[in-house]
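Note that the numbering used here has the sequence shown beginning at 265, numbered continuously upward.
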Amino acid sequence: MGRAEARRARQGSARRAKRTERKSGIRRLFTWKKILGAFLGVCLLGILGFVGLYLYVDVPNDGNADAKLQSNVYKYSDGKVLARVGRLNRENVALNRIPKDVQRSFVAAENKTFYQDSGVDLKGTLRGIFNTLRGQGKQGGSTITQQYVKNYYLSQEQTVSRKLQEIVISLKVDNKLGKDKILAGYINTSYYGRGAYGIQAAAQAYFRKDVEKLTVSEGAYLASLLQAPNQYDWTLASPDGKKRVQERWAYTLNNMVEMHWLSPQERAKQKFEIPKDPKPLPGLSGQSSYLVTEAKKELFAQGVDEKQFEAGGWTVTLGIDRKKQKDLEQAVQRKLSDDLDPKKRKVDADAQLGATSVDPKTGHIVAMYGGAGYPKHYTNNATRADYQPASTFKPLILASAMENNATHNGVPITPDTVYDGHNRRPVVGGDIPFAPPNEDEAQYGNISVQTATNNSVNAVFAQMGADVGLDKVKQTAVSLGMDGSRMDVKPAMTLGTMGASPLQMAGAYATLDNHGKKVTPTLVTEATHSVNGAEVKLPLKDPVGDQVLSRKTADTLTSVLMGVVNDGTASQAVKNTAYSAAGKTGTSDDNKSAWFVGYTPKLVTAVGMFGESPTGGAQVSLKGTGGGGRVNGGGYPAKVWADYTEAALNGSPGPDFDLETNLGAGVPPTPTPTPSDTPSTSPSPSEKPSKSPSPTPSKPSTPPSTPPSGRPSGGPSTPTGGTSSGPPNGGTQGGDAGGGTTGGTTAGPGGNKVNSMPGFN
C-alpha cells in the first residue's frame, strides 16, 4: 500500500470514529426513558395548566349583552301577534312551553349524548382547536352545552383562547345548571335564520304559530336549521340545500327512533312540512303604533322599569279584540274619511278623530283609534286630553247632584226637576256672574232636567252646577276618572271647558254602565317577562274598582241618557238601533271639538273629533269639514259610533239595560187611568176642536218647584204654567242633532246646521 492510500485510510477511519461518537452522544441524550419523561412532563404541565385555567376562569355572572336582547311581543286578546318591537327578534320561553318531542328533536339532531356527557366533547373540541390553528376557521364538533356557552357567555370569534374558555365554562355550567336549563338556554339563544333568535321567534317565522303548537316534524326541521340556517331555509335554499335539509330532518327523526323517543310507527307517519313563506315582522305602523305606546305607559305606571323593559323579553297581551278593532277602523273610514277631501277643502286636513271602546264589565279596552298612525300623526287622539269634552260633561253634573242630595228651589234634583231654560239666564247663587248662551241662542221655558239633557240646554246645567256646588261637581268627575288638574272650579266648567280624552270619557260612562262601580279603562290584560328561562307574570291592577256612585244614581243617569239617543241631540244618527243605547253629544265653543259618548249594556265607546292645524298643531275650528256647516256631536262622531257599535255587536239586539230606577226617559211611563166621566165618543164633525195659540217667548216667573201634575215620570211633556218644554217659534232642538231640522231651521250639507253663533252643546 502506498503512502497516499495509507493516509486516505487513516482519514476515513477518523471520520468514521467521529460519526460513531456523535451517534453515541445523541443516543445518550434521547434515550427512551428521557423521551417518556419529557412526554409525561409535557402532560403534567398541560394538566397543571388546565387546572390553573379551570381555577382561573369563572362562569360569568351574566350573559353577554346580545344574548340577552329580545323583542317585546304585543298580542291581541286572542293571542295573535300585534307587533314585535326590539333590536333582535327573540322571545325567550320556558322549557315547559316547548313540547317534549320538540325538545328531544334538538338533542337528536345536535348531541345524542347530551344527557350523559359532562358538557364537553373533548375529541371534537381538540379537532376544532387543531383546525383553528391551521387557519381552517370554524371546524369541529361541540356539545349542546358548549354551543349554549358560546351563544350566551362568549363571542362567536374563532380563537384558541376562546375555545379553551368554552371548555372550562362548559364543564362548570354542566355541573352548576343542569341539563334542562342548558337545553332551554340553547334553544332560546340559537339563531334559526329569517332574523329569528330563539325557538318562539322561529316558530312564528317558519310556521306562524306559537311554540306550544309545534309538531315533532316541525321541531325536527327547526333543529335541522341550526347547522346552516340560510342554506336550509326552504325559501332560500338551492335544490341541493333542500335535499340536504330533508336529509338532516330525516336523520334527526331516525335518531329519535334509535333513542326510543319515537316509535317506528310514529316515525313512518311523519311528513316533511314545507315552511310558510317569510312574512315581514309586524312593527309600529297604523293603529299598532298607538296601542304599543299606550301599553308601555300602562306598564311603566304599574312599576315596570323602563330600562329593563326596553331590553326585551316581555310578552304583553292587550284586551284589543281584532274584529272590533277592524270594525272601528272601518267605521271611521266609512263615516268620516270617505267624506274628507283636503285637496278640495283645506279644512278637511284639520279633522282628527279619536275613539276608545271599553267592555264595561271587565274594564278592558277592546278597540282604540288614535289617528293616521306613525309617522303621519304621532299624537294619539284617543288619549289626548287637550280638547274640551263640552256637553258630554253635563251628565256628571246630574250624577253629582243626585249623589250629594242637592236641591233646586228646595226640591231634590232628579230628572223630573223643572228648571228655567231661557237663553243667557243669569245663574243664581254663584260667586262669579255667569249667564251662558244656549246653542244658537235658543229660548226654552220651564223644562225638566230630562228635556234639558235631551236638548243639551246650557242654562239648566249652569244653574244645576251652582245648586250642587262646583267643588262637589269636580269631586264627582275626578272619582269617575277625569283629570282634576285640568279643571278650574269656575262656572264655565259646567259647560265642559276642561280638557279630557276619549279614554277618560269612556271610563266615566263605563262606570255609569257598570252601575256605579269604578271602571278604569285598561289596555294590558297580561304581561310576562322571561327571566333566566322562567316566565314571571306581572301582577296587574283590576280595571274594575269600588262603588263610586250609588247604583240608583248610575242607573238613573243611564235612563236619562237613553232619552238623548231616542229623542234628543243624537237621535238622528243613532235612532232605530236594534239594541238598547244611551249616550250624550257634545260640541265645544268655536266648534274645535265634537263628541259622542254612547253605550249599550255590553260596550261603551267615546268618539271625539278635533280640529288640529297640520302645521304646528294649534286647535282650529271644524266648521265646514266635509262640506257642511258646524260639526256637531250628533253628526260625524255619532255616525261613527253607530256604525261601529252595530258591527261590533254583530247586529244583535243583546240584553236591555238592567236598571234599578223609576226615573228618566228609559223607564216606561205608567199609563194614566181614564177618568170615568171622560166621554167615550169622538166629537161630532160639527164640533171643531179649539186651537191653542202658539207659545211665545217670555221670561217666566218663578219656575215651579215641582214637576207638573199628571206627567209620567221622566216624561218630557210641557210643564204647566203656559211655558213650552222646547224652543218656541220653531227654534232648534239643540245643535248636536247633526241630521234633520226642527221647525224650519236650515240645515247645511251633510245634515249639520249652519249657524256661526257661539255656545256649547
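Heads up, the beta-carbon is just placed ideally off N, CA and C, and yes, glycines get one too.
Under 9 angstroms between C-beta atoms of residue i and residue j
i            : j           : result
residue 776  : residue 863 : yes
residue 766  : residue 631 : no
residue 242  : residue 779 : Limits of the chain in this structure are 265 at one end and 1025 at the other, which puts residue 242 out of reach.
residue 867  : residue 622 : yes
residue 833  : residue 898 : yes
residue 787  : residue 577 : no
residue 357  : residue 335 : no
residue 469  : residue 483 : no
residue 342  : residue 591 : no
residue 1055 : residue 448 : Lying outside 265 to 1025, the shown extent of the chain, residue 1055 is not represented and no answer is given.
residue 551  : residue 594 : no
residue 412  : residue 450 : yes
residue 708  : residue 691 : no
residue 635  : residue 617 : yes
residue 806  : residue 627 : yes
Cβ-Cβ separation, residue j to residue i (assumed contact under 8 angstroms), whole Å
i           : j           : result
residue 726 : residue 681 : About 15 angstroms; that fails the 8 angstroms criterion.
residue 718 : residue 828 : 5 angstroms
residue 732 : residue 670 : 4 angstroms
residue 557 : residue 337 : In fact, because the Cβ distance is near 16 angstroms, the residues do not count as touching under 8 angstroms.
residue 872 : residue 901 : 7 angstroms
residue 737 : residue 664 : 5 angstroms
residue 456 : residue 493 : 6 angstroms
residue 933 : residue 842 : Not confirmed; about 23 angstroms, so no contact.
residue 479 : residue 438 : Wrong, their Cβ atoms sit about 30 angstroms apart, outside the cutoff.
residue 653 : residue 850 : 6 angstroms
residue 774 : residue 624 : 4 angstroms
residue 581 : residue 784 : No, residue 581 and residue 784 are not in contact; Cβ-Cβ is about 18 angstroms, not under 8 angstroms.
residue 369 : residue 520 : 7 angstroms
residue 353 : residue 465 : 5 angstroms
Where residue i sits in the DSSP three-state scheme
i            : result
residue 468  : helix
residue 813  : coil
residue 927  : coil
residue 638  : strand
residue 375  : coil
residue 520  : helix
residue 354  : strand
residue 798  : strand
residue 439  : helix
residue 338  : strand
residue 889  : helix
residue 876  : strand
residue 1021 : Interpretation of residue 1021 is limited by its pLDDT of 32, a score under 50 that renders its predicted location unreliable; no figure is taken from the coordinates.
residue 382  : coil
residue 361  : helix
residue 711  : strand
residue 667  : helix
residue 742  : helix
residue 790  : strand
residue 514  : helix
residue 333  : coil
residue 871  : strand
residue 455  : strand
residue 461  : strand
Beta-carbon proximity list for residue i, same chain, < 6 angstroms, skipping 5 on both sides
i           : result
residue 870 : 620, 766, 769, 770 and 861
residue 490 : 454
residue 658 : 725
residue 224 : Because the chain is modelled from 265 through 1025, residue 224 falls outside the range shown and cannot be assessed.
Chain-order list of residues whose beta-carbon lies under 7 angstroms from that of residue i (same chain, five-residue window excluded)
i           : result
residue 649 : 747, 750, 763, 764, 765 and 768
residue 903 : 599 and 837
residue 888 : 609 and 611
residue 854 : 885
residue 753 : 734, 735 and 738
residue 638 : 548, 549 and 553
residue 224 : Because the chain in this structure spans residues 265 to 1025, residue 224 falls outside the shown range and cannot be described.
residue 523 : 372 and 376
residue 613 : 606 and 878
Own chain partners of residue i with C-beta closer than 8 angstroms, once the 5 adjacent residues on each side are dropped
i           : result
residue 677 : 662, 665, 666, 670, 671, 713, 728, 731 and 732
| query | Taking only runs of the alpha helix (DSSP H) that begin and end inside the segment 744-784, which ones reach a length of at least 4 residues, in chain order? | reply | 766-777
| field | beta strand (DSSP E) segments (min. 3 residues) lying fully within the segment 467-511 | value | none
| For the segment 801-869, which segments carrying the alpha helix (DSSP H) assignment without a break, of at least 4 residues, lie completely within its bounds, in sequence order? | 815-831 and 835-838
| task | Can you check the segment 565-645 for any beta strand (DSSP E) of at least 3 residues that lies completely inside it and give the ranges in chain order? | result | 578-582, 615-622 and 629-633
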